[in-house]
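Chains as they are written, first to last, in this note's numbering: chain A, 436 to 625; chain B, 48 to 156.
To keep things clear, I will list the structure first and then write my remarks on it.
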Amino acid sequence: MKVYRKGKESSAVIFEDIEPFFIDILRQLPGDADPGDHPGARARLFSEPMSGADDGDEFVEDWKNFVQPEIRDLFLSAREIVGGDLAALPVSGLPPTSGDADAGYGELFNPVAFIPSEHSLTIPAAHMEAWLRVLNQARLVLAARRGFTDATMNGERPFPPFSKPHERDLFKVNFYDDIQQLLMQEMGYG
Amino acid sequence: MPSPPFPLLPATVRSATAEPTVETDEETDTAADVPWNVVVHNDPITTMSYVTMVFQKVFGYARDKSTRHMLEVHQRGRSILWSGVRERAELYVEQLHGYQLLSTLERAL
Numbered sequence: 436m437k438v439y440r441k442g443k444e445s446s447a448v449i450f451e452d453i454e455p456f457f458i459d460i461l462r463q464l465p466g467d468a469d470p471g472d473h474p475g476a477r478a479r480l481f482s483e484p485m486s487g488a489d490d491g492d493e494f495v496e497d498w499k500n501f502v503q504p505e506i507r508d509l510f511l512s513a514r515e516i517v518g519g520d521l522a523a524l525p526v527s528g529l530p531p532t533s534g535d536a537d538a539g540y541g542e543l544f545n546p547v548a549f550i551p552s553e554h555s556l557t558i559p560a561a562h563m564e565a566w567l568r569v570l571n572q573a574r575l576v577l578a579a580r581r582g583f584t585d586a587t588m589n590g591e592r593p594f595p596p597f598s599k600p601h602e603r604d605l606f607k608v609n610f611y612d613d614i615q616q617l618l619m620q621e622m623g624y625g
Numbered sequence: 048m049p050s051p052p053f054p055l056l057p058a059t060v061r062s063a064t065a066e067p068t069v070e071t072d073e074e075t076d077t078a079a080d081v082p083w084n085v086v087v088h089n090d091p092i093t094t095m096s097y098v099t100m101v102f103q104k105v106f107g108y109a110r111d112k113s114t115r116h117m118l119e120v121h122q123r124g125r126s127i128l129w130s131g132v133r134e135r136a137e138l139y140v141e142q143l144h145g146y147q148l149l150s151t152l153e154r155a156l
């Protein structure tokens with residue numbers, strides 16, 4: 436997979452020759468960023484807004500009623516933007532290698548081989564902010580679902596083939612970080 | 048609070064320990080309103096580079112200053128990013144939540 440920027444800073448970032456395995460992972464990004472009904476993931480994305488004040492109940496109630504819906508909309512909008520960019524990518528055609536132990540939570544994809552495809556992903560400059568939010572959101576949601584901790588994050592980084600959903604999701608958390616770092620560098624924040 | 052909070056702390060910044068830094072809005076510091084702090088808390092998943100970028104974007108801080116605050120979160124579990132009138136503090140917390148940072152509003156002591 437090659438990453439470059441066409442011309443000036445205001446132009447799009449292009450991921451070229453993406454391996455089918457990474458196409459599959461990228462296509463799962465908006466879904467990974469969705470906390471669904473998972474209590475831990477929801478609690479992490481919609482965290483408490485006040486600490487240390489004993490008169491904050493009304494504020495927190497107002498926050499939940501008025502501010503959190505705006506934040507939810509912001510997250511949803513970002514996921515839609517990213518989903519739109521990803522829609523240009525084909526389904527890789529790679530078969531899932533085994534059923535996921537977690538019913539209803541995706542399949543285990545493993546690469547047959549890391550052979551570059553002819554497919555590319557273009558992220559317009561105006562969409563990069565949304566991508567950064569969604570990548571971070573997906574990392575947090577996956578970590579909450581799997582209970583990743585400091586020790587997990589500082590431990591060994593798994594690589595395919597995966598035998599457990601836990602390994603696959605830790606790989607994704609790291610892969611999404613890699614993409615996030617690339618985009619931040621392109622935006623001048625690296 | 049577990050430590051270290053950010054998984055990929057480079058050695059070059061690991062030794063840059065600093066005293067707690069509190070940013071105060073000088074225009075509003077003397078206002079009748081009790082000052083409120085915008086606090087960012089430790090998070091083991093969000094990377095330090097993302098946190099630093101968010102501080103730059105939300106508060107308009109320079110990269111060095113943003114890095115100092117990020118390290119304070121990393122080393123002390125929290126950092127006060129800004130102090131001043133409540134309405135503006137609320138807005139900052141909302142923006143930080145929009146970037147999925149753990150952030151709270153807190154009455155300044």
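Every residue gets a Cβ at the ideal spot worked out from N, C-alpha and C, and that includes glycine.
query, result
"Per the DSSP calculation, residue 116 of chain B is bridged to which residue(s)?", "Residue 116 of chain B is not bridged to any residue."
"Taking contact to mean 3 or more Cβ pairs, one atom from each stretch, closer than 8 Å, check whether the segment 141-156 of chain B and the segment 82-92 of chain B are in contact.", "yes"
"Relative to the C-alpha of residue 148 of chain B, which candidate in B:108, B:128, B:110 has its C-alpha closest?", "B:128"
"Quick check on the DSSP output: the alpha helix (DSSP H) that includes residue 446 of chain A runs from which residue to which?", "No alpha helix (DSSP H) holds residue 446 of chain A; DSSP gives it neither H nor E."
"Mind reading off the beta-carbon distance from residue 98 of chain B to residue 120 of chain B? Whole number of angstroms is fine, and I expect it under 8 Å.", "7 Å"
"Using a Cβ-Cβ cut-off of 7 Å (strictly less than) and excluding sequence neighbours within five positions of residue 579 of chain A, which residues of its own chain qualify?", "473, 475, 476, 479"
"Between the Cα of residue 593 of chain A and the Cα atoms of A:604, A:585, A:583, A:564, which residue gives the shortest distance?", "A:604"
"Can you tell me which of the three DSSP states residue 512 of chain A falls into?", "helix"
"To test your reading of the DSSP string, which unbroken alpha helix (DSSP H) runs of 4 or more residues are found completely within the segment 103-155 of chain B?", "110-123, 133-145"
"According to a CB-to-CB cut-off of less than 8 Å, which residues of the segment 550-584 of chain A neighbour chain B?", "567, 568, 571, 572, 574, 575, 578, 583, 584"
"Does DSSP put residue 558 of chain A in a helix, in a strand, or in coil?", "strand"
"If you draw a straight line from the alpha carbon of residue 522 of chain A to that of residue 141 of chain B, how long is it in whole angstroms?", "30 Å"
"Going by the DSSP bridge assignment, what does residue 451 of chain A pair with across the sheet?", "A:437"
"If you measure beta-carbon to beta-carbon, which residues of the segment 77-97 of chain B are closer than 7 Å to chain A?", "86, 91, 92, 93, 94, 96, 97"
"When you compare only the Cα positions, how much space is there between residue 48 of chain B and residue 581 of chain A?", "The pLDDT assigned to residue 48 of chain B is 40, lower than 50, so where the model puts this residue is not dependable; a value taken from the coordinates is nonetheless given after this. Going by the C-alpha atoms only, they are around 19 Å apart."
"Which same chain residues end up closer than 7 Å to residue 625 of chain A when comparing Cβ atoms and leaving out the 5 residues on each side of it in sequence?", "616, 619"
"Given that residue 506 of chain A touches chain B, what residues does it touch there, using C-beta distances under 8 Å?", "141, 144, 145"
"So with CB distances below 7 Å, who are the chain A contacts of residue 151 of chain B?", "483, 484, 485, 486"
"One question on the structure: do residue 574 of chain A and residue 611 of chain A come within less than 8 Å of each other, judged by their Cβ atoms?", "yes"
"Spatial neighbours of residue 108 of chain B within its chain, please: CB distance less than 7 Å, with the 5 preceding and 5 following residues excluded, ordered by chain position.", "102"
"According to DSSP, which residues form a beta bridge with residue 609 of chain A?", "The partner list for residue 609 of chain A (beta bridge, DSSP) is empty, contrary to what the question assumes."
"Report the neighbours of residue 103 of chain B on chain A: residues whose CB is nearer than 8 Å to its CB, in chain order.", "624"
"Excluding sequence positions up to five away, which residues of its chain have a Cβ less than 6 Å from the Cβ of residue 438 of chain A?", "450, 617"
"Nearest to residue 595 of chain A by alpha carbon, out of A:566, A:436, A:448, A:456?", "A:456"
"To which residues of the same chain is residue 113 of chain B closer than 6 Å at the C-beta, ignoring the five residues directly before and after it?", "99, 102, 103"
"Would you say residue 100 of chain B reaches chain A, if we count a Cβ-Cβ gap shorter than 8 Å as a contact?", "yes"
"Helix, strand or coil for residue 658 of chain A, going by three-state DSSP, please let me know.", "This structure leaves residue 658 of chain A out entirely; chain A is present only between 436 and 625."
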